[in-house]
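Novice: Residue numbers (this note's numbering): 175 to 543. One structure coming up, written as C-alpha cells, with questions to follow.
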Amino acid sequence: MTKSFQYHLDATDGAARAGRFETPHGVIETPIFAPVGTAATVKSITPAQLHEMGASLILSNTYHLYLRPGDKLVAEMGGLHKFMNWPNPILTDSGGFQVFSQSENNKIDDDGVTFKSHIDGSSHRFTPESSIKIQENLGADIIMAFDECADPYDKKYVKSAMDRTHRWLDRCIIAKTREDQALFGIVQGGIFDDLRAESAAYVTSKDLPGFAIGGLSVGETKEEMMSVLNAVMPLMPENKPRYLMGVGTPEDLVNCVSKGIDIFDCVLPTRLGRNRSVFLRQGGRLNMRNLKFAKDSNPIDQECTCYTCQNFSRAYLRHLMVCKEMTGATLLSIHNIHTLLQLARDMRKAIVNGEFEEFSQPWLWEVNK
RNA sequence: GGGUAGAUACCCAAGUGGCCAAAGGGGGCUGACUGUAAAUCAGCUGUCGUACGACUUCGGAGGUUCGAAUCCUUCUCUACCCA
175 MTKSFQYHLD
185 ATDGAARAGR
195 FETPHGVIET
205 PIFAPVGTAA
215 TVKSITPAQL
225 HEMGASLILS
235 NTYHLYLRPG
245 DKLVAEMGGL
255 HKFMNWPNPI
265 LTDSGGFQVF
275 SQSENNKIDD
285 DGVTFKSHID
295 GSSHRFTPES
305 SIKIQENLGA
315 DIIMAFDECA
325 DPYDKKYVKS
335 AMDRTHRWLD
345 RCIIAKTRED
355 QALFGIVQGG
365 IFDDLRAESA
375 AYVTSKDLPG
385 FAIGGLSVGE
395 TKEEMMSVLN
405 AVMPLMPENK
415 PRYLMGVGTP
425 EDLVNCVSKG
435 IDIFDCVLPT
445 RLGRNRSVFL
455 RQGGRLNMRN
465 LKFAKDSNPI
475 DQECTCYTCQ
485 NFSRAYLRHL
495 MVCKEMTGAT
505 LLSIHNIHTL
515 LQLARDMRKA
525 IVNGEFEEFS
535 QPWLWEVNK
C-alpha cells in the first residue's frame with residue numbers, strides 16, 4: 175500500500191465519522207457523495223458544472239468503458255482523468271454489478287464471467303485478473319475488486335456468491351500491479367447478518383486501503399439495510415474508509431453516515447434528473463412534470479444554493495421537462511447532485527462540531543432511532 | 001353551376017352491418033426509478049362509478065334493419081377537378 179492512500183480520521187460523533195482520504199488526484203473529504211459517470215461522463219453534466227457544485231470523487235465503470243471505447247484506447251489517450259478532463263479523484267467499479275443486473279446474459283463460473291455485450295451481443299469474458307487489468311488501463315484512483323452481487327434474499331445463492339467474491343478478492347490482490355491505485359474489497363452477504371459478518375471478517379483481514387459494502391439498495395427494506403449495517407460496521411477497521419455502494423437518497427446518506435459510512439455513490443440524482451424528479455433535501459421528491467408546478471414561480475427548494483434553484487422557477491423547469499429539453503435534465507441533475515454533495519458537506523461540519531446527533535434527527539428512520 | 005373524394009374521440013388515423021366506447025400513433029395526466037442495457041419504463045386518457053355496470057358518442061336530420069361509425073335519402077362543410 176502506498177502512502178498516498180492514508181485515511182485520516184478528523185472527528186467522530188457517535189458512529190459518524192469525518193475524515194480525509196488521500197489520493198494521487200487530491201484529498202477526498204468524507205462523508206462524500208460520488209456522482210456516477212458510467213460512460214466517462216456524469217450524464218448531462220460537464221466537469222465545469224461538477225466543479226461548481228464542489229464535486230470531488232466521481233465513479234466510472236469498467237464494464238461500459240471496456241466495451242466502448244475500450245480500456246486500451248483510454249490508456250492511449252492518457253488515462254481516464256485526462257480523457258474525460260476530470261482532474262479530481264475517480265473510482266471505477268469492477269464490472270461485478272453487471273453480473274447481477276444483466277444476469278440473464280451471463281454465465282458465471284469459478285474462474286470468471288462470460289457475458290454478452292448489451293451493445294452488439296458479442297461474447298466477452300471477465301475474470302478478477304482481467305477486471306483489474308482493465309481498471310489499471312483506465313487509471314482511476316480507487317479500483318474495486320471483482321465481485322458477484324446475488325439476489326439478497328436467496329441465502330444459498332448469497333452464500334456461494336459471497337464465497338466466490340472472497341476467492342476473487344484474493345486473485346484481485348495478486349493481479350494488481352499499479353502502486354498509484356487503491357484496491358477496495360467488497361463485503362457481500364445479502365440481507366443475512368451472519369453472512370455479512372463472515373464476509374466483513376474475511377474482506378477486512380486483507381491489507382487494503384479501503385472497504386466497500388456491496389449488494390445493498392437492490393430491493394431490500396430500510397429495516398434490512400440498517401440490520402446489515404449494524405452487523406457489519408462494528409467489524410470494519412476504524413482507520414480505513416467505508417464505501418457503501420449504490421446508495422442513495424438524502425435520507426439514505428444521513429442514516430448510513432450515522433452507522434459509520436464514509437463514501438457513497440448512486441445513479442439516482444442523475445437518473446431522476448433525466449426522468450423529471452428532484453430530491454428534496456429534507457426527504458421525499460417532487461415530480462417536476464406535474465401540472466401543479468405549471469405556474470409555480472418558486473425554485474425547487476427555497477433553501478437550496480444550487481445553480482438551478484438560484485436561477486430558475488419550478489414553472490420553467492416543468493416547461494423544460496414537459497418539452498423534453500436537454501437543458502431540463504441538466505438543471506434537475508445539478509439540483510439533485512448538489513443536494514447530496516451539500517448534505518455530505520453539512521454532515522461533515524456537524525460531525526466536526528460534535529452536533530451530528532441533533533443534525534441527523536429530521537432524517538432518521540424509525541428503525542434507526 | 002357540374003363532378004369526384006372526404007367529415008371518426010384533444011390531434012392524426014384505422015374501422016365499411018353485430019366480436020365497437022371504437023385499433024394504432026401523437027398529445028395530455030399520473031406513478032416508478034438506489035455500485036446506469038434507463039433523456040427509460042408502467043398505468044390512465046367519452047361521462048358517472050372503486051368495480052360489475054349504466055349512460056352518451058363516429059358532421060346534422062331522417063330512414064332501412066332484430067341490430068348502424070359502417071347501408072339509403074337529404075342537408076352542411078372541406079379538398080381537388082371541369083365549366
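Glycine included, each C-beta is placed from N, C-alpha and C at the ideal position. Values in this document were obtained by computation on a predicted structure and should not be read as measured data.
1. Can you name the start and end residues of the beta strand (DSSP E) that cysteine 440 belongs to?
2. Output the distance between the C-alpha atoms of glycine 200 and alanine 314, rounded to the nearest integer angstrom.
3. With a CB to CB cut of under 7 Å and the five nearest residues on each side skipped, what residues in its chain are close to valine 526?
4. Starting from the N-terminal side, write out each stretch of the beta strand (DSSP E) that is 3 residues or longer and does not extend beyond the segment 283 to 313.
5. For asparagine 527, which three-state DSSP category applies?
6. Work out the CA separation of leucine 231 and phenylalanine 207 for me, nearest whole Å.
7. Within its chain, find whatever has a CB closer than 8 Å to the CB of leucine 409; leave out the 5 residues flanking it on each side and keep chain order.
8. Using only CA atoms, which one of Leu241, Phe257, Thr444 and Val406 lies nearest to aspartate 367?
9. For threonine 176, does the count of other Cβ atoms within 10 angstroms reach 16, so buried, or fall short, so exposed?
10. Bridge partners of alanine 208, per DSSP?
11. In whole angstroms, what separates the C-alpha of leucine 239 from that of arginine 492?
12. Going along the chain, which residues of its own chain have a beta-carbon closer than 6 Å to the beta-carbon of lysine 433, five neighbours each way excluded?
13. Inspect the CB distances between the segment 255 to 266 and the segment 287 to 303 and report whether three or more fall short of 8 Å.
14. Which residue or residues does DSSP assign as beta-bridge partners of alanine 203?
15. Using the Cβ count rule (16 or more neighbours within 10 Å means buried), how would you classify glutamate 196?
16. Buried or exposed, going by whether 16 or more other CB atoms sit within 10 Å of the CB of serine 297?
17. Measure the CB-CB distance between isoleucine 474 and valine 496 and report whether it falls below 8 Å.
18. May I ask which residues mark the beginning and end of the beta strand (DSSP E) holding tyrosine 327?
19. How big is the Cα-Cα spacing for glycine 269 and phenylalanine 358?
20. Bridge partners of serine 451, per DSSP?
21. In angstroms, rounded to a whole number, what distance separates the CA positions of glycine 389 and serine 234?
22. Could you name the residues that DSSP lists as bridge partners for valine 392?
Specialist: So, to answer that:
1. Segment 437 to 440, the beta strand (DSSP E) holding cysteine 440.
2. The alpha-carbon of glycine 200 is positioned some 12 Å away from that of alanine 314.
3. These residues qualify, in order along the chain: Asp184, Ala185 and Ala192.
4. For the segment 283 to 313, whole beta strand (DSSP E) runs of length 3 or above, ordered along the chain, are 287 to 290 and 297 to 300.
5. Note: asparagine 527 maps to coil in three-state DSSP.
6. The alpha-carbon atoms of phenylalanine 207 and leucine 231 are separated by roughly 7 Å.
7. Leaving aside the five residues that flank leucine 409 on each side, the residues in its chain whose CB is nearer than 8 Å to its CB run, in chain order, Ala371, Ala374, Ala375 and Thr378.
8. Answer by Cα proximity: Val406.
9. In this prediction, threonine 176 has a pLDDT of 48, which is less than 50 and means its spatial position is unreliable; what the coordinates show is noted afterwards. Exposed, since its Cβ has fewer than 16 Cβ neighbours within 10 Å.
10. The partner list for alanine 208 (beta bridge, DSSP) reads Asp439.
11. Near 33 Å, if we compare the C-alpha coordinates of arginine 492 and leucine 239.
12. Take lysine 433, set aside five residues on each side of it, and the residues of its chain with a beta-carbon closer than 6 Å to its own are Ala189, Leu403 and Met407, in chain order.
13. The segment 255 to 266 and the segment 287 to 303 do not touch, with fewer than 3 CB-CB distances between them shorter than 8 Å.
14. For the record, residue 203 in the displayed sequence is glutamate; it is not alanine. Answer is Arg194, bridged to glutamate 203.
15. Label assigned to glutamate 196: buried.
16. Label assigned to serine 297: exposed.
17. The answer is no: Cβ separation not under 8 Å.
18. It is not in any beta strand (DSSP E) - tyrosine 327 carries neither H nor E in the DSSP assignment.
19. Cα to Cα, glycine 269 sits roughly 14 Å from phenylalanine 358.
20. Looking at the DSSP assignment, serine 451 forms a beta bridge with Asn461.
21. Cα to Cα, the separation comes out at about 18 Å.
22. Bridge partners of valine 392: none, in fact.
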